[in-house]
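If you read the protein sequences in the order shown, they are chains A and B. To get my numbering, take the position in the first sequence, counting from 1, and add 924. To get my numbering, take the position in the second sequence, counting from 1, and add 86. Glycine is no exception: its CB is placed at the ideal position from the N, C-alpha and C atoms. Remember, predicted model here, so these are calculated numbers, not experimental data.
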Amino acid sequence: MKNYWIKRIASAFLVLGVVLILNFLLFRMMPGDPVSSIIDPRFSPEAKEQLRKIYGLDLSLSRQFILYAKQMITFRFGISFLTQRPIWEELSSRIPNTVALLGSALILSAIIGTLLGIKAALNRGTVIEKIVLWGGAVSFSFPSFFVQLILLMCFGYLFPIFPLRGTISIPPPTGAMAAVADYIWHMSLPVISLVLLGFGGWALYVRNLMVKVLGEDFILMAKAKGLPSHNIIWGHAFRTILPPVITIFLLALPGIVSGAVITETVFSLHGVGRFLLESVTGHDYPAAGAAFYLLALLTIMSNLIADLAYGFVDPRVRFERRGKR
Amino acid sequence: MKSWKRWSFIALFLIILTAIAGPFLFGTDPENPMAPPFSKPVWLDRDAPLTRILELTEGETTKTFKSKGDPPKQFRLKGRIRFEGTPVKATLVWRTPREEILLEDLSRYSDILIDLDGRDITFKLNIGLSAFDNAMDKLMPAEGEYSLYIESDVPVASAELTATLEGGRWGVLGTDQRGRNVLYLFVMGIRVSLIVGISATLIASMIGLSMGLLSGYAGGFTDSVIMRSVDVLLSIPILPILMALAGIWGKGLWQLVLILSLFSWMGTARTVRSLTLTLRDACFIENLRALGAGTPYILARHLLPETLPLLLANIALGVPGAILAEAGISFLGLSDPRVISWGRMLHEAHSFGAFTTGAWWLLLPPGLGIAFLCLIFLDIGKFLEEMVDPRLKGGNDK
């Protein structure tokens, strides 16, 4: 058990390291050096040298990387080229929005998807199974932003139930309760759209696993013992498929974080993803790097949590003999 | 063969045909504005007047048409007329069922540029209206036959005139914010999705295949390095990297293909590796080794053919991912603005206010196109998978 945890945490750090290296190299790969984008060609050589020194570009590449890694880990991202304000200041107000969006969408689609998947597996050939199969097809083939645009058009423009854009109303409402209600009102359409897009794949996966498990002998045995059906479903069948469900969650996580960028753009939410897009299109490389780093960090952390949960639910891990996949 | 009658193969064939034939069907450049911006499709809102475009091209001096229903709302005439010599008397005339209206006096010019607009006050005064009248009441007063023609005492060398009678309805799928033909854009968009989807997946599969074969067959250190990098790449959100790369490397189509394939080979590598692992210790491979066959020979001649059917299914199933990724990047505005793609169409619809004008015909065609193409490839992939592994057919799955 302890061994497994150490391994998982070490692998999280490995991923973090790769992200840092990738991030570092990515923004050094562009034509010219990072300063050339803010240096006016009319600057004197001394001024250019001065700027290069300010940005630490006179150091060796490895020194630069160590400095860079240190800054990233301590969240000192520097000054944005575009707004001339500290990047961390810009980002810190956006993180809660992104986490709220992703967290609620994930939890809701996991719950709905699991319940529907189990229902579909139990009632083969019914309406529920059709919904699950179609939901799965939609989530694998429809572009997320297209579905979101259609939803936005229907419920933001044609039937204006939800706001067209933004995270808070302008002017912001007074009073804590009103502010919370306003926030929920703004976040509900993005979350609903993500759930709509996410539950299908989830349900399809749970259904397929469930169908397989329900055909196993030990389920027949449980039925023969006369166990109540909810006990069979939740205590036996679902308990068995929990580890692979967590695995699929792990695999889906990066895609979900990627989806946040698009969702935030469609609904013009004040989030990390849209900040990344704005920085990339505005050639604001330090800001883009910081936003990418934060998104990656978010993924790594949720990955780690899911990994640890896996450790709890998979008996092979608990008993220290995890088979190689 | 029965299998080729599967709907997805037929649909894919038709789509490819449309993509190839597209530019020839329309003739013009898709970027050309054809009608006023945000014109509705003709089959929508039947009571609204049609947008009509009259073109006098090389050699023609008259254009006649019949008008029915409500008159259009605006009139515009643009172009250039050249005479063979300088005419003493020449006129550009608009004939309505009631009268003849002199639009412009062309006398004493051998080469003249025309730019008239029904809302222009000078134009209204010229055709005998006050500044506050609606020019359309005079220009199109009733149903009947209308014509636009040039009268002169010297022959016309060339006349290129475009009269736009703006009604709000035009074309099969209407127009976008720049007045471009949405149907044409839609047809042009097929190519990008197909090219990017298929080539990115092919390249990714090649990388995945070689990585998978290498790590499965070599084992040991090579295996663990490759598999660790697969794990790492699978646990990083890819879209932000793609965005950054698209922003840095430039926005060309082939850069996009390369970027996409560099970050989507992991799944194939895993599948190929696990297959290679089971084959590596199979008797026939062991026999080959005993006969003295070298590693490259075994890999190329015996392991590669074994993995091919699986790879084919993998490619088909991977295409939707690449199509969706391309569409996503284009939707975010990080693709080449000169290349027409479905994602780009959605990007422009989003950023130029398709909502505030209620222009849903800008959204549905590209979005449904992407979804349909993805469904086709998913179906083909499923079919190929069933061919490789017949156990998947029927049984548990429907």
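Beta carbon proximity, residue i to chain A, threshold 8 Å
{"i": "B:LEU98", "result": "no"}
{"i": "B:SER310", "result": "no"}
{"i": "B:PHE218", "result": "no"}
{"i": "B:ASN482", "result": "Unreliable placement is indicated for B:ASN482, whose pLDDT of 43 sits below 50; the coordinate value is still reported in the next sentence. Interface residue, yes."}
{"i": "B:HIS388", "result": "no"}
{"i": "B:ALA402", "result": "no"}
{"i": "B:SER416", "result": "no"}
{"i": "B:SER321", "result": "yes"}
DSSP three-state assignment for residue i, whether helix, strand or coil
{"i": "B:ASP206", "result": "coil"}
{"i": "B:SER296", "result": "helix"}
{"i": "B:ASN267", "result": "strand"}
{"i": "B:ASP367", "result": "coil"}
{"i": "A:GLN1008", "result": "coil"}
{"i": "B:PHE95", "result": "helix"}
{"i": "A:TRP979", "result": "According to the sequence as given, residue 979 of chain A is Tyr; it is not Trp. Coil."}
{"i": "B:GLU141", "result": "strand"}
{"i": "B:GLY86", "result": "As displayed, chain B neither begins before 87 nor continues past 484, which places residue 86 of chain B out of reach and without an answer."}
{"i": "B:ILE223", "result": "Sequence check: residue 223 of chain B is Asp here, not Ile. Three-state DSSP puts B:ASP223 in a helix."}
{"i": "B:GLY165", "result": "strand"}
{"i": "A:SER1203", "result": "helix"}
{"i": "B:MET87", "result": "Residue placement at B:MET87 is poorly supported in this model, since its pLDDT is 47, which falls under 50; the coordinates are not used for a value here."}
Residue from the options whose Cα sits closest to the Cα of residue i
{"i": "B:LEU286", "options": "B:LEU420, B:LYS91, B:LEU450 and B:LEU348", "result": "The question names Leu, but residue 286 of chain B in the sequence shown is Ala. B:ALA286 has its Cα closest to that of B:LEU348, out of B:LEU420, B:LYS91, B:LEU450 and B:LEU348."}
{"i": "B:LEU53", "options": "B:LEU363, B:ALA399, B:LEU403 and B:ASN400", "result": "Nothing about residue 53 of chain B can be read from this structure; chain B reaches only from 87 to 484."}
{"i": "B:SER421", "options": "B:LEU163, B:TRP351, B:PHE209 and B:ALA330", "result": "B:ALA330"}
{"i": "B:GLY453", "options": "A:SER1065, A:GLY1099, A:MET1134 and A:SER1004", "result": "A:SER1065"}
{"i": "A:VAL1130", "options": "A:ALA1034, A:TYR928, A:GLY1150 and A:ARG1240", "result": "A:ALA1034"}
{"i": "B:LEU390", "options": "B:MET352, B:ILE276 and B:ARG366", "result": "B:ARG366"}
{"i": "B:ALA457", "options": "B:ILE198, B:LEU178 and B:ALA411", "result": "B:ALA411"}
{"i": "B:SER196", "options": "B:ARG181, B:VAL240, B:ALA217 and B:GLU229", "result": "B:VAL240"}
{"i": "A:ASP982", "options": "A:HIS1207, A:GLU973 and A:SER1153", "result": "A:GLU973"}
{"i": "B:MET226", "options": "B:GLY253, B:ILE200 and B:THR261", "result": "B:GLY253"}
{"i": "B:SER153", "options": "B:GLY265, B:LEU259 and B:GLU231", "result": "B:GLU231"}
{"i": "B:PHE112", "options": "B:ILE96, B:ARG375, B:VAL273 and B:LEU328", "result": "B:VAL273"}
{"i": "B:ASN373", "options": "B:LEU361, B:HIS388, B:SER360 and B:ARG359", "result": "B:HIS388"}
{"i": "B:LEU188", "options": "B:LYS224, B:SER427, B:ASP131 and B:LEU398", "result": "B:LYS224"}
{"i": "B:LYS175", "options": "B:SER193, B:PRO119 and B:PRO127", "result": "B:SER193"}
Proximity test, residue i beta-carbon vs the ligand MN heavy atom, cut-off 7 Å
{"i": "B:LEU211", "result": "The model depicted lacks the ligand MN and carries no ligand whatsoever."}
Cβ pair residue i, residue j closer than 8 Å
{"i": "A:ILE1157", "j": "A:LEU1026", "result": "no"}
{"i": "A:ALA1184", "j": "A:VAL1115", "result": "no"}
{"i": "A:LEU1015", "j": "A:LEU1218", "result": "yes"}
{"i": "B:SER279", "j": "B:ILE409", "result": "yes"}
{"i": "B:ALA121", "j": "B:TRP256", "result": "yes"}
{"i": "A:SER1063", "j": "A:GLY1159", "result": "no"}
{"i": "B:VAL311", "j": "B:ARG356", "result": "no"}
{"i": "B:SER291", "j": "B:THR393", "result": "no"}
{"i": "B:PHE151", "j": "B:ARG138", "result": "yes"}
Residue-level contact to chain B via CB, residue i, 8 Å cutoff
{"i": "A:TYR979", "result": "no"}
{"i": "A:PHE948", "result": "no"}
{"i": "A:HIS1065", "result": "A small correction: the amino acid at residue 1065 of chain A is Ser; His does not occupy that position in the sequence shown. Yes, contact with chain B."}
{"i": "A:ALA1047", "result": "The sequence given here places Asn at residue 1047 of chain A; Ala does not occur at that position. Not one chain B Cβ lies under 8 Å of A:ASN1047."}
{"i": "A:SER1182", "result": "yes"}
{"i": "A:ILE1186", "result": "yes"}
{"i": "A:LYS1248", "result": "Only weak support is given to the placement of A:LYS1248: the predicted model assigns it a pLDDT of 45, under 50, and the value that follows is read from those uncertain coordinates. No, because no Cβ of chain B sits closer than 8 Å to the Cβ of A:LYS1248."}
{"i": "A:ILE1165", "result": "no"}
{"i": "A:THR1205", "result": "yes"}
{"i": "A:ALA1212", "result": "yes"}
{"i": "A:TYR1107", "result": "no"}
{"i": "A:MET1077", "result": "yes"}
{"i": "A:TYR992", "result": "no"}
Cutoff 7 Å; reference residue i; Cβ partners in own chain excluding five residues on either side
{"i": "A:ASP1238", "result": "PRO1167"}
{"i": "A:VAL1190", "result": "PHE1069, GLN1072, LEU1073 and LEU1076"}
{"i": "A:ILE1224", "result": "ALA936, VAL939 and LEU940"}
{"i": "A:PRO1096", "result": "ALA1103"}
{"i": "B:ASP201", "result": "LYS164"}
Own chain residues within Cβ distance below 6 Å of residue i, not counting five before or after
{"i": "A:PRO1087", "result": "HIS1110"}
{"i": "B:LEU247", "result": "LEU142 and GLY165"}
{"i": "B:PHE463", "result": "ALA402, VAL405 and PRO406"}
{"i": "B:ASP483", "result": "The pLDDT assigned to B:ASP483 is 43, lower than 50, so where the model puts this residue is not dependable, and the model offers no usable value."}
{"i": "A:ALA1211", "result": "SER1004, ILE1011 and SER1203"}
Residues near residue i by beta carbon distance below 8 Å, same chain, minus five either side
{"i": "B:LEU377", "result": "none"}
{"i": "A:PRO1178", "result": "THR1223"}
{"i": "A:GLY1247", "result": "For A:GLY1247, the predicted structure reports a pLDDT of 48, less than 50, and the residue's modelled location is therefore unreliable. The matter cannot be settled from this model."}
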